[in-house]
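Chemist: The following block contains the structure, expressed as structure tokens.
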Amino acid sequence: MKASQEHIQQLFDFKGRLGLASKCGLYIKQKGEISIVIVTELYQDNPGSSITSVTASLAMQIAQAFDISIENMVYIESSPDMKSKLSFYEEEYYLVNFEYTDNSLQNPSWKKLSKDEFKAIID
Amino acid sequence: MIFKLIYPKWAKLEGQTTFTLPPHGPVVMAASLPDYVTVSFTDENVEDINFDDPCDFVGISMMLTVQAKRGWAIADEYRKRGKKVIFGGICTMLHAEETMEHADSVFLGESEGRMEEVFSDFLKGQLKPLYNYLNEQPPIELVGPARRDILKRELYNHKGVQMVDLFHASRGCRFSCYPCAVSYLGGRCFRPRPIDKVVEELEGIENNRLFIVDNSLAQNKEWEMELFKAMIPLKKKWISHTIEDDPKVLDLAAQAGAWYVYQAVFDTSDYIKERIKRYHDYGIGVEGTILLGLDNQSEDDIKRLIDFLLEIDLDLAEFTVLTPFPHTKVYDDMIRQNRIFDKDWNNFNAGKVVYQPAQMSPERLQELYNYAWDTFYKDETQEAKMFRLFSKVVLREMEDNTYRPRNRGLVNKSFGKDVVRNMK
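So the protein sequences, as listed, match chains A and B.
Just so you know, the first sequence maps onto residues 0 to 122 in numbering that gives the first Met the number 0.
Just so you know, the second sequence maps onto residues 0 to 423 in numbering that gives the first Met the number 0.
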């Protein structure tokens with residue numbers, strides 16, 4: 000796998016767009032009642048939809064698979080360091096906020112995290 | 000049973016020389032149809048659709064995002080007339096959910112070995128809304144010769160000169176380039192076709208000039224060299240994307256008929272300058288493909304890049320603005336950063352700025368895009384540069400006795416339309 004594995008505890012199989020079999024890296028850290036979920040894009044090692052193209056659905060699939068309370072979930076998308084010469088493949092973290100209505104997540108919005116902000120959340 | 004297969008038209012970029020090439024997707028797809036199906040093909044870029052033509056089932060094949068809205072409108076018209084419509088092709092895969100709103104059925108993936116099921120379902124009145132084979136590519140050995148017989152060849156002719164035929168020797172891509180969706184569409188593994196199958200198809204193509212449309216031939220050096228060795232006796236002349244930067248490979252490519260290549264020029268490094276020179280050393284022309292508007296480009300970077308292009312003796316250059324097509328990393332990045340301000344798919348033509356660039360305004364990037372075209376072709380027009388490149392291939396064909404004079408019967412036609420000559 001080419002993606003940096005620093006924040007990958009396991010690979011998670013999920014249903015992408017139109018049910019497409021897809022795969023991401025997953026790291027879950029418990030901080031009191033809060034579940035910090037970091038999903039990592041795998042690029043060449045993901046056969047299906049990107050994590051960003053199905054953010055809300057993927058967050059729900061993870062919450063259901065690991066019995067995580069949506070209200071207590073901090074959801075972070077990670078673009079891993081791909082050791083590429085191109086700056087577009089440097090490590091990046093985005094905190095994703097959702098609207099939670101009718102038992103589903105909707106309208107995701109992303110906030111880019113600096114390394115310090117990311118560290119402060121997970122440490 | 001008549002299957003009406005349609006390739007929707009799209010608006011060509013303003014100010015550029017337009018040559019309409021025969022499409023590739025529909026002829027490849029047509030080769031996978033059951034024997035009992037008769038194909039009636041219309042490429043709307045060169046002829047009008049007659050919605051009253053008799054047909055049993057309608058297929059719409061879309062390659063580009065700019066074809067999507069027109070394809071949906073065509074489907075709406077046929078469905079109003081009671082016809083069932085199925086969509087396929089690259090653009091359909093990128094815009095599947097939206098396309099489903101205009102379709103009786105959507106096919107995602109590669110068609111080889113799948114069409115018996117689709118047509119059997121249609122005949123039973125049990126067409127499924129979605130056939131999703133995106134993750135299940137058929138064995139590459141199943142890819143047979145494309146059905147170029149469905150094309151009206153005289154419509155792809157400009158003043159007697161036949162346009163190149165499109166051809167593919169592999170599928171999939173092991174790279175995940177920032178603005179590209181090919182690895183999503185064709186799989187993340189490079190899947191070269193067996194050389195004997197490639198040669199069999201090439202031998203059957205009447206045209207002596209080809210465009211090998213593979214994303215990049217430079218993915219498996221051993222196969223690439225075997226391919227070129229096998230192509231030498233065929234004496235075809237061809238255009239392709241990148242070729243491996245290795246003297247042995249370039250030499251074989253030249254012997255196999257490499258006419259010119261599309262080579263991405265992304266910086267002003269000596270490496271790029273030497274890469275272009277190495278192609279030229281082997282007699283292979285280079286059309287630079289230059290992407291403008293990446294986040295790491297400032298206005299000065301773009302101007303420097305254009306100056307550099309004039310120094311390195313490119314044969315042609317094609318400029319595009321970064322376009323966030325769905326299922327690419329650039330799309331995901333732009334969505335996260337809320338930077339796409341224009342979501343009209345007709346504007347996703349790689350010539351219009353549809354997003355907020357990182358280092359300048361969208362208007363400024365649009366101006367620089369126009370400046371790039373104007374500056375590069377200021378001293379010698381695009382038509383003149385193309386003619387020079389064309390003359391080179393004619394000379395090579397004359398040397399190896401493969402030159403075919405232009406079709407005198409079509410000298411007054413351009414892509415099916417009468418040539419209007421301004422006589423003084």
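Cβ coordinates follow ideal geometry from the N, Cα and C atoms, glycine included.
Remember, it's a predicted structure, so these values are computed and weren't measured experimentally.
Can you list the alpha helix (DSSP H) stretches of 4 or more residues lying completely in the segment 228-306 of chain B, in chain order?
Modeler: If we require 4 residues or more, the alpha helix (DSSP H) runs fully inside the segment 228-306 of chain B come out as 246-254, 269-280.
Chemist: Using a Cβ cut-off of 7 Å, pull out every chain A residue sitting near residue 207 of chain B, in sequence order please.
Modeler: Counted from its first residue, the second sequence places residue 207 of chain B at position 208. Those do not exist, as residue 207 of chain B stays about 37 Å from chain A at its closest Cβ, beyond 7 Å.
Chemist: Would you report the Cα separation of residue 172 of chain B and residue 154 of chain B, rounded to the nearest angstrom?
Modeler: Walking along the second sequence from the start, residue 172 of chain B turns up at place 173. Walking along the second sequence from the start, residue 154 of chain B turns up at place 155. Those two C-alpha atoms are separated by around 32 Å.
Chemist: Output, in chain order, the set of chain B residues within a Cβ distance shorter than 7 Å of residue 42 of chain A.
Modeler: Walking along the first sequence from the start, residue 42 of chain A turns up at place 43. Per Cβ cutoff of 7 Å: 175.
Chemist: Consider the Cβ of residue 113 of chain B: report whether some Cβ of chain A lies at a distance smaller than 8 Å.
Modeler: Stepping through the second sequence from its first residue, residue 113 of chain B is reached at position 114. Not closer than 8 Å to any Cβ of chain A, the Cβ of residue 113 of chain B fails to qualify, so no.
Chemist: If you compare alpha carbons, which of B:109, B:350, B:309 is closest to residue 384 of chain B?
Modeler: Sequence index remark: in the second sequence, residue 384 of chain B carries index 385 (1-based). For residue 384 of chain B, the nearest C-alpha among the options comes from B:309.
Chemist: Kindly list, in the order they appear in chain B, the residues whose Cβ is closer than 9 Å to that of residue 19 of chain A.
Modeler: Reading the first sequence from its first residue, position 20 is the one you call residue 19 of chain A. Near residue 19 of chain A (Cβ distances below 9 Å), the residues of chain B are 107, 131, 133, 134.
Chemist: Given a cut-off of 8 Å, decide if residue 238 of chain B and residue 255 of chain B are closer than it, judged by their beta-carbon atoms.
Modeler: Counting from one through the second sequence, the residue named residue 255 of chain B turns up at place 256. Counting from one through the second sequence, the residue named residue 238 of chain B turns up at place 239. No; because the gap between Cβ atoms is not below 8 Å, this pair is not in contact.
Chemist: Hey, quick one: how far does the alpha helix (DSSP H) through residue 92 of chain B stretch, first residue to last?
Modeler: Translated into positions along the second sequence, residue 92 of chain B becomes position 93. Per DSSP, residue 92 of chain B belongs to the alpha helix (DSSP H) from 89-93.
Chemist: By the criterion of Cβ-Cβ separation under 9 Å, what are the contact partners of residue 92 of chain A in chain B?
Modeler: Within the first sequence, numbered from 1, the residue matching residue 92 of chain A stands at position 93. Neighbours of residue 92 of chain A on chain B: none; closest Cβ ~11 Å, over 9 Å.
Chemist: Does any residue of chain A bring its CB to less than 8 Å from the CB of residue 328 of chain B?
Modeler: Numbered from its first residue, the second sequence carries residue 328 of chain B at position 329. Output row for residue 328 of chain B: interface = yes.
Chemist: Enumerate in chain order the residues of its own chain whose CB-to-CB distance from residue 396 of chain B is below 6 Å, with the five nearest sequence positions on each side excluded.
Modeler: In the second sequence, residue 396 of chain B corresponds to position 397, counting from 1. Closer than 6 Å at Cβ, skipping near neighbours: 402.
Chemist: Just checking my contact of residue 192 of chain B with residue 242 of chain B at CB under 8 Å: how many whole Å lie between their CB atoms?
Modeler: Here the question's residue 192 of chain B lines up with position 193 in the second sequence. Here the question's residue 242 of chain B lines up with position 243 in the second sequence. Not really, about 17 Å apart at Cβ, beyond 8 Å.
Chemist: For the beta strand (DSSP E) containing residue 68 of chain B, name the first residue and the last one.
Modeler: The residue labelled residue 68 of chain B in the question sits at position 69 within the second sequence. Unbroken run through residue 68 of chain B is the alpha helix (DSSP H), 67-79; no beta strand (DSSP E).
Chemist: I'd like to know if residue 169 of chain B contacts chain A, where contact means its C-beta is closer than 8 Å to some C-beta of that chain.
Modeler: Translated into positions along the second sequence, residue 169 of chain B becomes position 170. Residue 169 of chain B does not count as touching chain A.
Chemist: Assuming residue 41 of chain B and residue 1 of chain B make a contact with CB atoms under 8 Å, what is their CB distance in whole Å?
Modeler: One-based indexing of the second sequence puts residue 41 of chain B at position 42. One-based indexing of the second sequence puts residue 1 of chain B at position 2. Residue 41 of chain B to residue 1 of chain B, Cβ: 12 Å. No contact.
Chemist: Output the boundary residues of the alpha helix (DSSP H) element that contains residue 371 of chain B.
Modeler: For this step, residue 371 of chain B is matched to residue 372 along the second sequence. Its alpha helix (DSSP H) spans residues 361-375.
Chemist: Is the Cβ of residue 65 of chain A closer than 8 Å to any Cβ of chain B?
Modeler: Stepping through the first sequence from its first residue, residue 65 of chain A is reached at position 66. No, residue 65 of chain A does not count as interfacial toward chain B.
Chemist: I need the straight-line Cα distance from residue 48 of chain A to residue 293 of chain B, nearest angstrom please.
Modeler: For the purposes of this step, residue 48 of chain A is identified with residue 49 of the first sequence, where counting begins at 1. For the purposes of this step, residue 293 of chain B is identified with residue 294 of the second sequence, where counting begins at 1. One C-alpha to the other measures close to 23 Å.
Chemist: In chain order, what residues of the same chain lie with their CB nearer than 8 Å to the CB of residue 48 of chain B, ignoring the 5 residues before and after it?
Modeler: Taking the first residue of the second sequence as position 1, residue 48 of chain B is located at position 49. Closer than 8 Å at Cβ, skipping near neighbours: 5, 41, 73.
Chemist: Along chain B, which residues have their Cβ under 8 Å away from the Cβ of residue 47 of chain A?
Modeler: Within the first sequence, residue 47 of chain A is the residue found at index 48, counting from 1. Result: 133, 134.
Chemist: Under a CB-based cut-off of 8 Å, is residue 124 of chain A close to chain B?
Modeler: Only positions 0 to 122 of chain A appear in the structure, and residue 124 of chain A is not among them; the question remains open.
Chemist: Quick one: residues in its chain with C-beta nearer than 8 Å to the C-beta of residue 90 of chain A, no 5 flanking neighbours on either side, listed in chain order?
Modeler: Your numbering for residue 90 of chain A matches position 91 in the first sequence. So the qualifying residues of the chain are 3, 77, 78, 79, 80.
Chemist: Within 8 Å (strictly less), CB to CB, does residue 274 of chain B reach chain A?
Modeler: By one-based count along the second sequence, residue 274 of chain B stands at place 275. It does not: the Cβ of residue 274 of chain B has no partner Cβ on chain A nearer than 8 Å.
Chemist: Taking three-plus beta-carbon pairs below 8 Å as touching, is the segment 215-229 of chain B in contact with the segment 360-373 of chain B?
Modeler: Contact between the segment 215-229 of chain B and the segment 360-373 of chain B is absent, because fewer than three Cβ pairs lie under 8 Å.
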